[in-house]
Amino acid sequence: MPELQSEKKQYPRDITQWLDYLLARKLPTALSLAPTCIKQMDEGSPSYLDLARILASDPVISLTLMRKANQNPRQTSVFSKTLDHAMSMLGHAQIREVLTKTPKLETKYGYRAYYQAQNISLTRASLAQTFAEAKGTQKGNDVFWGSLFADAAEWYLWCYATPLMRKIASCPQAHQKQEAEVQLGCDLNALQLEILKALNAPELAIQSKQSQHCLSSRDWAMMAKFGQANARPQAPLSGQDSAIELSPSLKIARQNPLFFIELSRFYLHYYLGNSEPKQISRALAVTSAGLNMPVDEVRSLTTQGLIKIARQYRLPFCTSAITQVFEDIREDYPENETTHHVTPQKRAITSVSSRQSIPKHGSIDVTSQKAKASESKTVFTPDKSFLELLRKMKESPASFSSGAELMGQLANQIQQGLKLERSAIYVLNKDKTRLKSYFTSGISEKDPLKGFETQIIKGTIFKVLSEKPAAVWLKPSSRKEVADLVPMNFKQTTQRDESLFASIFVRNKPVAILYADQAQNKAIDEAQFRYFKLATKALEAALAALRNKQSNHANP
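So the sequence shown is numbered by numbering that gives the first Met the number 0: it starts at 0 and just counts up by one.
Below you can see the structure in the form of structure tokens.
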């Protein structure tokens, strides 16, 4: 079983001794997925792919099955690269044997480092797969399993050499290599590589630990420069400037499956380890260059991926990476953070300005940060009650008695906590053809906005928002084509030329549209829009959790 930090013992001092010491022991699993798989095999003949989807959440059992499938002597080229292939090599009888003989670890706080090591590995692997599939590669599963098993040696070390790994991890990153040699008596990377070979890990996992990486430090720097240049509004080049281009060799390297593994680790290093706006912006820029995608699409892609990870992988005492989105909510902002802080968003979030147009398919382009920054130089801070509601929605959505209570409270906090004049939540009917106001704040009984109801017509902003998750900041400077998306009856009702809109989707289905505006003589702040988007995302997640709770009660 994993060791507590207080334990004292004599550890090996070279690679050979470490191999004998670690591989003679079995890794325990922290989850209880085996009974589910065994039950499915008892009741029928589930496909290996279906079983693999269940067991993918358990790195230990997945590794044990992969190791057993690859232990028979044969050419490396026919080694199993994915879990479903490994299971097909074993058959149901051997799979059942592995499931029943893998030791189960008790849920104990002292073992949290072991759990967390696996949780980080799952996050890296899933994000690498997301990147690979975003580029249309057919090797997404290979990338996932290669990335996941690349960390297998660390699981062994965190399990059976916990005190040593804590000392290494507590050192500054620049000194961790030297500290590892002091604690382990050998080079950590060399030890990890030998462990992976002994475990018959997929070739992609082994390659990730070898010295020849896809990109050098210089390549990463060039990608950062390229991504940051393309993230800024294009300006005419002076006579001394030249456009930044990626070299042909760098473009070729981006086709290697190993590249997606390295890119996910690079991104998460800054996302989890350093939340400073400058560093997160650099990570987004590099990822944008690596995937050849706009920064806003990368932000949406990564956040959607992290949300998926949070739902699928739940190890004890582990915090999901997606919570970093909410950690970015601060009560005090340094100067200029309002306009330069980059927060990943789940949605295809948009803001409309005079430079933009609506493409035929209905999505809306995003304005430059510089254009937004010029509109407001004041620092906006929401009320504490607003932040408290967001945290409650995130941490304990089941505490709300119903979705109606939840939406009512959010409508109040959008208006009061974000210091806007009015807010309203318009709910869609069952066939998604009409909107009706159900939850409002700051709207008097005499205000026609109070009981507003309208049909959803093609070519209007309500139709766009009911077809695709988005948040829109409509400004006085918006182009006529954009402003005309707002139906005339709604314009006459609101009497506002600056307002915020957002669609609410639950389980990929539209359920409502959120609206807010400001007094005629006051402009909406960039930070208010950012918190408006955060509230929208939090509402979607909380409503989904409430529906899951209701479904569980209905089907005990």
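Glycine included, each C-beta is placed from N, C-alpha and C at the ideal position.
Simplified DSSP assignment, three categories, for residue i
i, result
"Lys536", "helix"
"Ser471", "Looking at the sequence provided, one finds Val at residue 471 rather than Ser. Here Val471 sits in strand by DSSP."
"Val485", "coil"
"Ser362", "A caution first: Ser362 carries a pLDDT of 35, below 50, which makes its placement in the model unreliable, though a value can still be read off. DSSP places Ser362 in coil when its eight states are reduced to three."
"Ala160", "coil"
"Ala179", "helix"
"Lys371", "Note on Lys371: pLDDT 42, under 50, position unreliable in the model; the coordinate value appears next. Helix."
"Ala149", "coil"
"Pro256", "helix"
"Arg66", "helix"
"Phe225", "helix"
"Ile523", "coil"
"Ser125", "helix"
"Arg421", "strand"
"Leu104", "coil"
"Thr198", "The sequence shown places Leu at residue 198, not Thr. The answer is coil: DSSP assigns Leu198 none of H, G, I, E or B."
"Leu427", "strand"
"Leu405", "helix"
"Thr81", "coil"
"Gln414", "helix"
"Ala92", "helix"
"Lys208", "helix"
"Thr337", "Below a pLDDT of 50, predicted positions are generally treated as unreliable, and Thr337, at 35, falls in that range; the measurement from the model is reported next regardless. Residue state, collapsed to three classes: helix."
"Gly289", "helix"
"Phe528", "helix"
"Arg495", "coil"
"Lys490", "helix"
"Lys548", "helix"
"Ser141", "Before going further, note that residue 141 is Asp rather than Ser in the sequence given. Three-state result, Asp141: helix."
"Pro247", "helix"
Beta-carbon proximity check, residue i vs residue j, cutoff 7 Å
i, j, result
"Lys431", "Ser465", "yes"
"Val471", "Phe451", "no"
"Leu147", "Ser120", "yes"
"Leu64", "Ala85", "yes"
"Pro256", "Lys138", "yes"
"Ile424", "Ala511", "yes"
"Met116", "Trp154", "For clarity, residue 116 is Ala in the given sequence; the question names Met instead. Cβ distance < 7 Å, so Ala116 and Trp154 count as in contact."
"Ala68", "Leu89", "yes"
"Ser422", "Ser395", "no"
"Ala179", "Leu187", "yes"
"Ser263", "Ala127", "yes"
"Ala151", "Leu267", "no"
"Asp524", "Glu420", "no"
"Ala522", "Lys393", "no"
"Ile14", "Leu190", "yes"
"Ala223", "Val181", "no"
"Leu82", "Ala33", "no"
Burial state of residue i (16 or more Cβ within 10 Å)
i, result
"Arg12", "exposed"
"His174", "exposed"
"Gln519", "exposed"
"Glu539", "buried"
"Gly43", "exposed"
"Ile251", "exposed"
"Arg506", "exposed"
"Asp19", "exposed"
"Ala124", "buried"
"Lys376", "Here the model assigns Lys376 a pLDDT of 46, short of 50, so the residue's position is not dependable, and the following value carries that caveat. The residue in question, Lys376, is exposed, as its Cβ has fewer than 16 Cβ neighbours within 10 Å."
"Asp141", "buried"
"Lys532", "buried"
"Pro171", "exposed"
Element boundaries [beta strand (DSSP E), containing residue i]
i, result
"Phe438", "Arg433 to Ser440"
"Gln454", "Glu452 to Gln454"
"Leu575", "This structure does not reach residue 575, given that the chain is present from 0 up to 555, and the question cannot be answered."
"Phe500", "Ser498 to Val505"
First through last residue of the alpha helix (DSSP H) which encompasses residue i
i, result
"Arg24", "Run containing Arg24: none; DSSP gives neither H nor E here."
"Asp41", "Ala33 to Glu42"
"Tyr47", "Tyr47 to Leu54"
"Lys383", "Lys383 to Glu394"
"Ser299", "Val294 to Gln311"
"Lys462", "Ile460 to Glu466"
Interface flag, residue i vs chain D, CB-CB below 7 Å
i, result
"Arg310", "Chain labels in this structure do not include chain D; a single protein chain is all it has."
The segment 184-195 contacting the segment 25-41, beta-carbon criterion three pairs below 8 Å: no
Given 8 Å, three or more beta-carbon pairs between the segment 478-491 and the segment 387-403: no
Sufficient close CB pairs (3 or more, under 8 Å) joining the segment 524-531 to the segment 487-497: no
Given 8 Å, three or more beta-carbon pairs between the segment 279-293 and the segment 127-138: yes
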